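As given, the protein sequences belong to chains A and B, one line each in that order.
Quick note on the working numbering: the first sequence kicks off at 1 and runs consecutively.
Quick note on the working numbering: the second sequence kicks off at 350 and runs consecutively.
For each residue, glycine too, the CB sits at the ideal point set by N, CA and C.
All of these numbers come straight from a predicted model, not from anything done at the bench.
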Amino acid sequence: MRSTANISWFADITLADRAIVGGKGGSLGELTRAGIAVPPGFVVTTRGFELVLAELEKQRQIRSRVEALTLHDLKGIRLLSEELRTRLKNAPLPPDVRSDIVAAHAELCGPDPRWPLAVRSSATAEDSEEASFAGLQDTYLWVKGTEAILEYVRSCWASLYSVPSISYRRKGGTSENGVAIAVVVQTMVDARSAGVMFTRSPLTGDRSVITIESTWGLGSAVVSGEVTPDRFVIGKITGQISVREISDKRRQDVTVESGGIKQIETPEELRRAPSISDGELKALAEIGCKVERHYGRPQDIEWAINHENEISLLQSRPETVWSDKDKAPVARPAQNPLEHVMNIFGGRR
Amino acid sequence: MNTTLKTRCFPLPSSLKVVPGTERAQAAYPYYMQFAREDDERFWFYNSMHFPEPMSVFDVTTAEAAYCALGAANTRVHSLPTTLGIDYRIINGRIYIGGNAVTDPAEIARRTKEFQQRAFYYYEHWEELFAQWKQKMLALIRSAEALPKLALPEFEPLEHVRAGRGIASNHYLLDIYQKTLEGYFRMWHHHFEFLLLGYGAYLTFFDFCKKAFPEISDQTVARMVAGMEAEIFRPDDELRRLAKRAIELGVDDLFRDGTAPGEIMQCLEQSESGRKWLEELSDAREPWFNINVGDGFYHYHRSWNDDLSMPFASLPGYIANVKAGERIERPIEKLMVERQQLIDNYRELLNSDEERAAYDQMIQLAHRVFPYVEGHKFYCEHWYTNLFFNKIREFGALLAEHGFFPNAEDIFHLTHYEVEAAIVDLMTSWSNGSPPRGPARWTPIVNERKTAIAEWARHETPPALGPVPDVIDDPAIVMLWGITRENLDSWLAAGEKPDSNEIKGFAASSGVVDGIARVVMTVDEIDRLRRGDILVCHVTNPSWAPVFQKIAAAVSDIGGSMSHAAIVAREYGLPAVVGTGTATQKIKDGQRIRVDGGRGVVTILQ
Numbered sequence: 001m002r003s004t005a006n007i008s009w010f011a012d013i014t015l016a017d018r019a020i021v022g023g024k025g026g027s028l029g030e031l032t033r034a035g036i037a038v039p040p041g042f043v044v045t046t047r048g049f050e051l052v053l054a055e056l057e058k059q060r061q062i063r064s065r066v067e068a069l070t071l072h073d074l075k076g077i078r079l080l081s082e083e084l085r086t087r088l089k090n091a092p093l094p095p096d097v098r099s100d101i102v103a104a105h106a107e108l109c110g111p112d113p114r115w116p117l118a119v120r121s122s123a124t125a126e127d128s129e130e131a132s133f134a135g136l137q138d139t140y141l142w143v144k145g146t147e148a149i150l151e152y153v154r155s156c157w158a159s160l161y162s163v164p165s166i167s168y169r170r171k172g173g174t175s176e177n178g179v180a181i182a183v184v185v186q187t188m189v190d191a192r193s194a195g196v197m198f199t200r201s202p203l204t205g206d207r208s209v210i211t212i213e214s215t216w217g218l219g220s221a222v223v224s225g226e227v228t229p230d231r232f233v234i235g236k237i238t239g240q241i242s243v244r245e246i247s248d249k250r251r252q253d254v255t256v257e258s259g260g261i262k263q264i265e266t267p268e269e270l271r272r273a274p275s276i277s278d279g280e281l282k283a284l285a286e287i288g289c290k291v292e293r294h295y296g297r298p299q300d301i302e303w304a305i306n307h308e309n310e311i312s313l314l315q316s317r318p319e320t321v322w323s324d325k326d327k328a329p330v331a332r333p334a335q336n337p338l339e340h341v342m343n344i345f346g347g348r349r
Numbered sequence: 350m351n352t353t354l355k356t357r358c359f360p361l362p363s364s365l366k367v368v369p370g371t372e373r374a375q376a377a378y379p380y381y382m383q384f385a386r387e388d389d390e391r392f393w394f395y396n397s398m399h400f401p402e403p404m405s406v407f408d409v410t411t412a413e414a415a416y417c418a419l420g421a422a423n424t425r426v427h428s429l430p431t432t433l434g435i436d437y438r439i440i441n442g443r444i445y446i447g448g449n450a451v452t453d454p455a456e457i458a459r460r461t462k463e464f465q466q467r468a469f470y471y472y473e474h475w476e477e478l479f480a481q482w483k484q485k486m487l488a489l490i491r492s493a494e495a496l497p498k499l500a501l502p503e504f505e506p507l508e509h510v511r512a513g514r515g516i517a518s519n520h521y522l523l524d525i526y527q528k529t530l531e532g533y534f535r536m537w538h539h540h541f542e543f544l545l546l547g548y549g550a551y552l553t554f555f556d557f558c559k560k561a562f563p564e565i566s567d568q569t570v571a572r573m574v575a576g577m578e579a580e581i582f583r584p585d586d587e588l589r590r591l592a593k594r595a596i597e598l599g600v601d602d603l604f605r606d607g608t609a610p611g612e613i614m615q616c617l618e619q620s621e622s623g624r625k626w627l628e629e630l631s632d633a634r635e636p637w638f639n640i641n642v643g644d645g646f647y648h649y650h651r652s653w654n655d656d657l658s659m660p661f662a663s664l665p666g667y668i669a670n671v672k673a674g675e676r677i678e679r680p681i682e683k684l685m686v687e688r689q690q691l692i693d694n695y696r697e698l699l700n701s702d703e704e705r706a707a708y709d710q711m712i713q714l715a716h717r718v719f720p721y722v723e724g725h726k727f728y729c730e731h732w733y734t735n736l737f738f739n740k741i742r743e744f745g746a747l748l749a750e751h752g753f754f755p756n757a758e759d760i761f762h763l764t765h766y767e768v769e770a771a772i773v774d775l776m777t778s779w780s781n782g783s784p785p786r787g788p789a790r791w792t793p794i795v796n797e798r799k800t801a802i803a804e805w806a807r808h809e810t811p812p813a814l815g816p817v818p819d820v821i822d823d824p825a826i827v828m829l830w831g832i833t834r835e836n837l838d839s840w841l842a843a844g845e846k847p848d849s850n851e852i853k854g855f856a857a858s859s860g861v862v863d864g865i866a867r868v869v870m871t872v873d874e875i876d877r878l879r880r881g882d883i884l885v886c887h888v889t890n891p892s893w894a895p896v897f898q899k900i901a902a903a904v905s906d907i908g909g910s911m912s913h914a915a916i917v918a919r920e921y922g923l924p925a926v927v928g929t930g931t932a933t934q935k936i937k938d939g940q941r942i943r944v945d946g947g948r949g950v951v952t953i954l955q
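This is the structure in structure tokens:
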């Protein structure tokens, strides 16, 4: 199990490698190395993408044409997107890239060549602190077999030039030269329950609580907003579950035996039942604290629990909304500590 | 001005009627406590925290003395910038109070200047002033204890004559009575000497925590501040120790549920080890059994010393716990370590060293002042108050002996002015040999007032009266009664939606429990509680601590996160919801309820 220029196993990756493994790949590597349970996998580095893109640039320029687009030129964006996606999907893989992926895939699958995997885009500027490209590029779930992997790697590359992706970058005025895409290939958790976790309150910014949202089945239903998840708030220090909102989870995403996922009706008896146990909430919260300590700042985490009730993390990125608001201190030390009581007695409230 | 807010109003005082047939009993309260027309313009709330039951005309002395002292401390001694004292009125035996806020910015600024040289001095010299306070308070207790027994001998003792004392015994009745009353009014000044400043320092830290950690629970902040060794915990500690000693001395099997204390003590007298236990009991009783089974504001809140059935009722449970191998002493070191860990962990979560420095300053001040906030109650509301009511009871016995009314306890249906009049009546009669006038006068009046109290207790009274203020920024009201604009809104809402089966309050101690509700309105009903019941009460106080060993959860109408129900529940690890406002009205005795102490919600299940 050795990393090459074209593929990097999670255990060999740190956040510092984000330029070649993307934000998501960097975070999964960082988590793995921190001893957090992450489904095993590797990243197809940006090298393969860059090689293919360079070949295609020779035929007809790509990056400069994207950068020349204006945000309001919807038709131009759509036409260029269609062209680039088609070209990227059909471009042949360089032989060494192909063989490295095939070998890594075989190693990840072990004895079962149709071991179900997730293929996830990991853009290089994605999930950086400056810009969040989250959700703009494609993810393929419950993917089985080498051919499917090879196809979806190229689909992920192509998704860097989807209409929303291009539009988002044009809006931010991002330089195309810094933008590339790596692809995460990892064992997929057939989730009994899944969701997201914030290591601070998304509502109030409170850093002493963890908010966990959870639903039955795969987390895709929560991320896409199709299901109102159960919601819990847990004190980091007290361990106390202070909020416990159990919602009606009508639908859930599940895996399909032949490959891919589908949405089904949640069985009646599970709809209003909590999708996660108190013990799991506490275990998850502990993991959240560990990750936050590792990064030194609040995190926004995706997690899943399989049918054997094992927890793993699928993603962790820095929380961005409240961290900008942390600048002004709640109070400053006073020369005379007694001055603080004037907040109560002085009518300053 | 927001019209929807403006139109929100509780019933006006003038619309609240005296219960028919009790008009004369109502008129017996002093004129300065009666509602007047102009009171309609002000906001009042029912002080059910301190006075949850209709007050007899004598017991309102507690309100008079307390508010005289509270107001003086705020207005004149420390000069709180934004508030003066508390006004009080009584109707149907229920005491309503209203704050006097200072709103003029120039006046606030003037008072702030004063405050900073007065209150700051107290904070700066807190430890020495508090040490001095304890000495003052103990001296006051000793002088109350030293008041002579009442005596009206047929002839003045010969030694008085030979000593040339000159002053006859009847005069000492008046002297002792006036000293008793004076001492009670004086005690309340001691009570309020530090109280608001103490709460203020605590609230300063509380306020910071709520801003830094908007979702932190009140109880968590309370746990960071609470001390462990305040005198108020001692009575219960002593009881636990006595339970352990009973086992060590091999006399534990004498303590059985339902056996009267007298009977148990008689059996203990029979053996050497029993007598040893009784010796230890009597050591513990002074002073630690000078604790009330109530909050000390009513004459019938008797102390453990006056009635041993409360402490004795708890002993079998404690003995069983020790035998089951439970550690019965409060694990003080462990609790202190946990407290420090909590403080450190939250500190670590703060955003910057600047914030941490401010946090350190505030928690340090809170820790310095809190021993007073926790500790004063034992001396004031318990020990001293017991002495006071028992001395008045002596006067009651003397007056009853002379036929003024049938029972010593009847004296509590005279105002303190009327008691003085009756004493002068008796003094006169003793001096001139004529029969006193009182016996013909007082018995029917006492009966009428007793009937009125019983009648008033059957009527609910509105939680508040008059227009709802836009904001409640009176720190005294917020600190002592936990009343906020949000509370008032929920009280108004409760009046509008009486059918909801959910009751909200303060989350005081976390955990979720289902059980049978025991609605305990007075302390006399405590023995109805069975193991596993959920206590539903108006307000609890430290002497109720022993019942917490057998209940599954606690719910109270009144109280914040630092109330005794909350503190004790946390120590016992029981779910508790306090400050619900209406739990005792909405929950019927025997109903199944669910207490969610983490969310502060009580649900009526059936």
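Out of curiosity, what's the CA-to-CA distance linking residue i and residue j?
i                 : j                 : result
Ser-99 (chain A)  : Ile-7 (chain A)   : 10 Å
Val-119 (chain A) : Val-183 (chain A) : 7 Å
Thr-320 (chain A) : Phe-198 (chain A) : 11 Å
Ser-652 (chain B) : Asp-453 (chain B) : 45 Å
Trp-475 (chain B) : Phe-719 (chain B) : 11 Å
Lys-683 (chain B) : Asn-670 (chain B) : 19 Å
Asp-127 (chain A) : Gly-296 (chain A) : Here Asp-127 (chain A) scores only 42 on pLDDT, less than 50, and its place in the model should not be relied on; the value that follows carries that caveat. Computed Cα separation, rounded: 16 Å.
His-427 (chain B) : Thr-833 (chain B) : 24 Å
Met-536 (chain B) : Asn-396 (chain B) : 21 Å
Ile-964 (chain B) : Glu-505 (chain B) : Outside the displayed span of chain B (350 to 955) sits residue 964 (chain B), for which this structure offers no information.
Phe-646 (chain B) : Phe-464 (chain B) : 30 Å
Gly-864 (chain B) : Pro-924 (chain B) : 12 Å
Asp-253 (chain A) : Val-642 (chain B) : 60 Å
Lys-559 (chain B) : Ile-241 (chain A) : 18 Å
Ser-175 (chain A) : Arg-78 (chain A)  : 19 Å
Arg-717 (chain B) : Ile-821 (chain B) : 27 Å
Ala-493 (chain B) : Val-795 (chain B) : 27 Å
Are residue i and residue j touching if we call contact CB-CB under 8 Å?
i                 : j                 : result
Ala-771 (chain B) : Asp-759 (chain B) : no
Tyr-445 (chain B) : Gly-434 (chain B) : no
His-539 (chain B) : Trp-482 (chain B) : yes
Val-926 (chain B) : Gly-946 (chain B) : yes
Ala-34 (chain A)  : His-307 (chain A) : no
Asp-300 (chain A) : Arg-272 (chain A) : no
Val-189 (chain A) : Ala-285 (chain A) : no
Pro-352 (chain A) : Glu-703 (chain B) : The question about residue 352 (chain A) has no answer, for chain A in this structure spans 1 to 349.
Check residue i in the structure and name its three-state DSSP category.
i                 : result
Ile-832 (chain B) : coil
Thr-124 (chain A) : coil
Tyr-649 (chain B) : coil
Asp-938 (chain B) : coil
Thr-215 (chain A) : strand
Leu-313 (chain A) : strand
Leu-373 (chain A) : Chain A is shown only over 1 to 349; residue 373 (chain A) falls outside these bounds and no answer can be derived.
Gly-930 (chain B) : coil
Ser-8 (chain A)   : strand
From the DSSP output, read off the bridge partner residues of residue i.
i                 : result
Asp-190 (chain A) : DSSP output for Asp-190 (chain A) lists no bridge partner at all.
Cys-358 (chain B) : B:Pro-816
Subject >> Every unbroken beta strand (DSSP E) inside the segment 224 to 291 of chain A [3 residues or more] >> reply: 230 to 235, 241 to 245, 251 to 255 and 261 to 265
Subject >> Segments of 3+ residues assigned as beta strand (DSSP E) that fall wholly inside the segment 653 to 716 of chain B >> reply: none
Original post:
Taking the runs of the beta strand (DSSP E) that are 3 residues or longer, which of them lie wholly in the segment 13 to 60 of chain A?
Top reply: 41 to 44
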